[in-house]
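Chains as they are written, first to last, in the numbering used here: chain A, 1 to 293; chain B, 1001 to 1535; chain C, 2001 to 2313. All C-beta atoms in this analysis are idealised placements derived from N, C-alpha and C, irrespective of residue type, glycine included. Worksheet: one structure, shown below.
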Amino acid sequence: MDATGAWSRVRRNWPVRVGGAVLAVLVLVAVAAPWLGTVDPTLFDAGSRDLVPGKVGEITTLDGEILKHTFWFGSDSFGRDIYSRVLYGSRVSLAVGVLAALVSLGFGIVAGLSAGYLRWLDGVLMRFMDGLMAIPAILIAIALVAMWRGSLVTVVVAIAIPEIPRVTRLVRSLVLSIREEPYVEAAVSLGTPTWKIMFAHILPNTIAPLVVQGTYICASAILVEAILSFLGVGLPPDIPTWGNIMAEGRPQFNLYPHNIFIPGAFLAVTVLAVNILGDGLRDTLDPKMARRL
Amino acid sequence: MSVLEVRGLTIDLPSGGDRRHAAADVGFTVDRGEIVCLVGESGSGKSVIAQSVMGLLPRGLPVTAGEIRLEGEDLLRASPRRLRELRATRMSMVFQEPMTALNPVMRCGEQLDEVLREHTALAPAARRRRILDIVREVRLPDPERMVAAYPHQLSGGQRQRIMIAMALVLEPALLIADEPTTALDVTTQAQILRLIQDLQARHGTGVLFITHDFGVVAEIAHRVAVLCLGELVELGPRDDVLRRPQHQYTRMLIGAVPTLKPHARPADAGAPVVLATRGLSKTYRDRGWLSRHREVHAAADVTLEVRKGQTLGIVGESGSGKSTVARCIVRLIDPSAGEIRLGREDIASMPQSRLRALRRRVQIVFQDPYRSLNPRRSVLEAIIEGPRNYGVPRARAIETARRLMGLVRMDPGSLARYPHQFSGGQRQRICIARALAMEPELLVADEAVSALDVSVQAQVLALLEEIRERLQLAMLFITHDLRVAAQVCDHVAVMSQGRVVEYGPAAQVFGSPRHEYTRALFDAAPGRDFAFGAA
Amino acid sequence: MLSFIARRVLATLPVLAVVAVLVFLLLRLTPGDPAAILAGDAASASQVAQIRESLGLEEPIPVQFGIWLRHLAAGDLGESYYYKVKVTELIAQRLEPTLSLATLTIVFAVLVSVPLGALAAWRFGGAFDRALMGFSVLGFSVPVFVLAYILIWIVSLKLGWLPVQGYQRLAGGVGPWLRHLILPSLTLSVIFIALIARVTRAAVLEALGEDYIRTARAKGLPESRVLVRHAVANAAVPIVTVIGIGIALLVGGVVVTESVYAIPGLGRLTVDAVLARDFPTIQGVILFFSLLYVGVNLLVDLSYVFLDPRIRY
Chain A
1 MDATGAWSRV RRNWPVRVGG AVLAVLVLVA VAAPWLGTVD PTLFDAGSRD LVPGKVGEIT
61 TLDGEILKHT FWFGSDSFGR DIYSRVLYGS RVSLAVGVLA ALVSLGFGIV AGLSAGYLRW
121 LDGVLMRFMD GLMAIPAILI AIALVAMWRG SLVTVVVAIA IPEIPRVTRL VRSLVLSIRE
181 EPYVEAAVSL GTPTWKIMFA HILPNTIAPL VVQGTYICAS AILVEAILSF LGVGLPPDIP
241 TWGNIMAEGR PQFNLYPHNI FIPGAFLAVT VLAVNILGDG LRDTLDPKMA RRL
Chain B
1001 MSVLEVRGLT IDLPSGGDRR HAAADVGFTV DRGEIVCLVG ESGSGKSVIA QSVMGLLPRG
1061 LPVTAGEIRL EGEDLLRASP RRLRELRATR MSMVFQEPMT ALNPVMRCGE QLDEVLREHT
1121 ALAPAARRRR ILDIVREVRL PDPERMVAAY PHQLSGGQRQ RIMIAMALVL EPALLIADEP
1181 TTALDVTTQA QILRLIQDLQ ARHGTGVLFI THDFGVVAEI AHRVAVLCLG ELVELGPRDD
1241 VLRRPQHQYT RMLIGAVPTL KPHARPADAG APVVLATRGL SKTYRDRGWL SRHREVHAAA
1301 DVTLEVRKGQ TLGIVGESGS GKSTVARCIV RLIDPSAGEI RLGREDIASM PQSRLRALRR
1361 RVQIVFQDPY RSLNPRRSVL EAIIEGPRNY GVPRARAIET ARRLMGLVRM DPGSLARYPH
1421 QFSGGQRQRI CIARALAMEP ELLVADEAVS ALDVSVQAQV LALLEEIRER LQLAMLFITH
1481 DLRVAAQVCD HVAVMSQGRV VEYGPAAQVF GSPRHEYTRA LFDAAPGRDF AFGAA
Chain C
2001 MLSFIARRVL ATLPVLAVVA VLVFLLLRLT PGDPAAILAG DAASASQVAQ IRESLGLEEP
2061 IPVQFGIWLR HLAAGDLGES YYYKVKVTEL IAQRLEPTLS LATLTIVFAV LVSVPLGALA
2121 AWRFGGAFDR ALMGFSVLGF SVPVFVLAYI LIWIVSLKLG WLPVQGYQRL AGGVGPWLRH
2181 LILPSLTLSV IFIALIARVT RAAVLEALGE DYIRTARAKG LPESRVLVRH AVANAAVPIV
2241 TVIGIGIALL VGGVVVTESV YAIPGLGRLT VDAVLARDFP TIQGVILFFS LLYVGVNLLV
2301 DLSYVFLDPR IRY
């Protein structure tokens, strides 16, 4: 498997294309939300409560103006437009997914490199990571968010922390196995300093598995954020997130299921797209991981 | 009627390969009681042909023409059920890698039992008797223990005997052996070859023996078939093919096999010593905090020296410590005790920081050409990495790289390419160029030609010889292959279990070995009675 | 053998130590004064001071940790601020529903996913394989609670076959107990099946590529035996490993599932405790689940000896 044709292989792989396309659309929607026929997602109108999708009703703006508005996805029990809330909610999900992945990758890479290269640090660090992994991720996330009050930063950090041990293990095992390769030994005998070996020989061979892992973390993060919001321990209710919308739809589920199914569908499609993208990347960039997973 | 008759066999390769057929119009026979060796280099199609007889070809390699008749029955038209019935009962196969050919989670006895349970209606007691009998017949000591053991508890040679036992327990008419001794030590190899010969003579089995080693051919073959890129280029009795080869390819192959007689080049006893070790030792201690403490002496008290312009060979089987010594000398691992004198400095205990300055003087070429180069960097980057580490300006380093590519007989224009675009032999040349870019005084070749085909091996050995002459390099050549050692070494050190058991000029060690281990090593070399190589 | 078990048990101690420290720190990390939060906004300064006193918050952190550990060793997890009963009692009360749900889920998931994964590996690249991989990705992607609502909508509300929510104790009969658990178990097992089937497939696929499979076929053994006794037998270790690791996933799923299906188990307890800022309960539940994870993985570790003879004691 040659390293140079990798990029073209990635582009031709259909899971990457499909997953990538869906995500691109989603990003577009998230960015262009204000111009896609939405209103301010916090606006509500007591007269427009619990409308079924497609109904036309009234919305009161912040200035007191009353507008006619088609509730494409219906409205919730406060009279807020679900369509607007779902579209704005996509911003949160994407942001949390990408940020959590970046944060956990960042810390995990540093920790994994240290554990792989510094013998004395390895034992202690890995025991610590084992301990962290023993506490179920969702409980850590719930507890942390509960402690620090819900905000975007808090949620991202709370979701990222439990993912760090897995990234660390991955990087560490990659470092340990690549160090055994004859070409790394050759570099040592050529007098290449350690830092240069790490950057020129080891790191490039870890990028592919890390990209794949990052994609999976992103998918997981989006799910966890939704769960946290759904349980009421995530972002504050005034910020629209798919989880929040579903949480509000719980009491009236049997009468108005659209409050749960529509954001749920968006959530499922988004996570599915990210996972498919991840699978495609894995198959083209790092087939060895395909066998490992 | 022949046991095996192959006629016009053609097997296609998937499109996009370097040729259309894995095997093209191949035909040969194997009779009762005879050993036919199928010889060829890697990629010649010999394994594919063997697998096609057993019906074990992967789906991407279809048989498009020909017949394969086992005792008159055409196997290519047989149903999958019929093929399964024939396997192990009328025809069976032994593979190359004994370390991975047995199911690790099943006892050896049970794996043997599977064959009997599947193909016979014997009662458990009768099966057990049969199993113990065959285990004794393949000369495994303590059959009861062998049968109850798991594969990982057995050595490579023992596992191969179990494989042979599984293959012969139902006394098939045909035994196909696909390079069964290639992964084994020379002494073990000799035992297995003798075992196969004895069993075959006793049961009258026809044997199709696949190999790339002409020494093995000389040792056991009755008839020889030579394959080149899927085509059968020569077929005949052993002596005819080996002494009077008709086809040019056969002649080239046989000519490339090194002789066991050491070259007669005089070695200059007055040449300065480039590197000398004294009492070099490496001990591994198992220091788990709860498990038992174990000590392994990978190398013990090794004393030797390499002179300028001369080659010292370290010969030994796996586990002898030769690679450990090489790695200590290059300081890829730290010795536990002893001295390593490079010129006047003792580098054995030198800290890594001071070592950097001295690294350029000793360079190493590794065994596996497929893993010795970073797949993500161009060949140019690989070669100039060393000089750049020592402050050589980039332009000058590139100049050096070009010159060295010419020295190793490669096209300097291909410097921009990546490792995967080169063959194994070419990659090894690149590794040699990389080592030479540092202008070392000592070049260590750690089994540098062991992974190469015999014709490519001959070329790389010739190249190393030329370089040694031209640059007056000192060379330390690690190998398990006695023929290769005979060809290139001026002095030889024989190692066994971490110790040097014999050490002296090549002519003396090869001609009149003193230590019994050395003598056993030479006795075991296959085809030693056959005079190979250009005299 | 005994010393091996002892060694593996001892190896879990550092992990447990880390868990203890982390859990302890988790709740001490609250910005602001935990006592004030506890007392609520309407409390007076003296009430807050009293709570600080009773919580031992005046002591330096290491001392607090020591006291906490001592209580822990005695099996005392403190008293719930909210429910006003001992935390251990709370956990004991809510244990049965959670254990029932978890056990049913795992058993069902393993029984279904291992054969499916093995079959997919055997018919690699075929229609079944692709279908299973497709299902697996879906299983990972559809959130547990969305799936739960879909199932509730279809099965309970529209078809009326099974109850929507709630839990029946086992003591009240197996029938009702099962009826209330079918939907929740099914919901939760989807993600498990997705994970285990995937890993089984990968492990069996890897085993099928090994040399000993070629040997087995060369012996004329039927494919079924090759698949089961040679391929799957060698895939056992990675499969069992992922089941152990999946426990962490299970906990997350349990929390959500119990919430949606209104099952009075430990998952619901956690959420309620967090919403009520009931620190001792939160701590207790987290500790319990972590211990469970460590315990299950210890069992997995010990099982390796039986699954792979190369792992010796």
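Under the three-state reduction of DSSP, Arg1285(B) is assigned to strand. The DSSP-derived three-state label of Lys68(A) is strand. The beta carbon of Arg1294(B) sits closer than 6 angstroms to those of Asp1286, all from its chain and outside the five residues before and after it, given in chain order. Taken in chain order, the complete alpha helix (DSSP H) segments of 4 residues or longer contained in the region 188-219 of chain A are 194-197. Counting along the chain, the unbroken alpha helix (DSSP H) around Leu2249(C) starts and ends at Ala2233 to Val2260. Between the alpha carbons of Leu1122(B) and Leu1116(B) lies a gap of roughly 7 angstroms. For His1297(B), the enclosing beta strand (DSSP E) has its first and last residue at Arg1294 to Arg1307. Membership of His1119(B) in the alpha helix (DSSP H) is indicated by the continuous run Cys1108 to His1119. For the region 1201-1218 of chain B, the set of residues with a beta-carbon nearer than 9 angstroms to any beta-carbon of chain C is empty. Put simply, of Phe1530(B), Asn1374(B), Leu1436(B) and Ile1329(B) the residue whose alpha carbon is nearest the alpha carbon of Leu1476(B) is Ile1329(B). Within the region 2116-2127 of chain C, not one residue has a Cβ closer than 7 angstroms to any Cβ of chain B. The Cβ atoms of Pro1098(B) and Tyr1150(B) do not sit closer than 8 angstroms to each other. Approximately 7 angstroms separates the beta-carbon atoms of Leu1174(B) and Arg1090(B); this is inside 8 angstroms, confirming the contact.
By alpha-carbon distance to Arg2169(C), the top candidate from Gln2093(C), Ile2067(C) and Ile2311(C) is Gln2093(C). The DSSP assignment places complete alpha helix (DSSP H) segments of no fewer than 4 residues inside the region 2179-2218 of chain C at 2211-2218, in order along the chain. Linking Leu1227(B) to Val1094(B) through their CA atoms gives a straight-line distance of about 20 angstroms. Taking a beta-carbon distance threshold of 8 angstroms, Val1039(B) does not count as an interface residue toward chain C.
Secondary structure note for Pro1124(B): its alpha helix (DSSP H) is the uninterrupted segment Pro1124 to Glu1137. Nearest CB-CB separation between Ser1042(B) and chain C: not below the 8 angstroms threshold. Note that the C-beta distance between Leu1436(B) and Leu1404(B) is below 8 angstroms. Judged by their CB atoms, Leu1208(B) and Val1030(B) are nearer to each other than the 8 angstroms cut-off. Within the region 195-218 of chain A, the residues whose Cβ lies closer than 9 angstroms to any Cβ of chain B are, in chain order, Lys196, Ala200, His201, Pro204 and Asn205. Taking C-beta atoms as the reference points, Ala1401(B) and Ile1383(B) count as a pair closer than 8 angstroms.
Per DSSP, Arg166(A) has no beta-bridge partner at all.
Apart from the 5 residues on each side of it in sequence, Arg1361(B) sits with its Cβ closer than 7 angstroms to the Cβ of Leu1342, Pro1440, Glu1441 and Leu1442 in its chain, given in chain order. Taken through DSSP and simplified to helix, strand or coil, Gln1363(B) comes out as strand. By the criterion of a C-beta distance shorter than 8 angstroms, Arg1251(B) is surrounded in its chain by Pro1245, once the five residues flanking it on both sides are discounted. Annotation: Ala2102(C) to Leu2002(C) spans about 30 angstroms, alpha carbon to alpha carbon. For the region 2216-2245 of chain C, the residues whose beta carbon sits under 8 angstroms from a beta carbon of chain B are, in order, Ala2216, Arg2217, Ala2218, Lys2219, Gly2220, Leu2221, Pro2222, Arg2225, Arg2229, His2230, Ala2233, Asn2234 and Ala2236.
Nearest C-alpha to Thr194(A) among Gly234(A), Ser90(A) and Gly116(A): Gly116(A). Annotation: the continuous alpha helix (DSSP H) that includes Thr1518(B) extends over Glu1516 to Ala1524.
Fewer than three Cβ pairs drawn from the region 1491-1510 of chain B and the region 1351-1360 of chain B lie within less than 8 angstroms of each other, which leaves the two stretches out of contact. Taking C-alpha positions only, Val2146(C) is separated from Leu223(A) by approximately 11 angstroms. Taking the CA atoms as reference points, Leu2186(C) sits about 18 angstroms from Gly264(A). Boundaries of the beta strand (DSSP E) around Arg1069(B): Val1063 to Leu1070. Note that the C-beta distance between Asp1346(B) and Ile1340(B) is below 8 angstroms.
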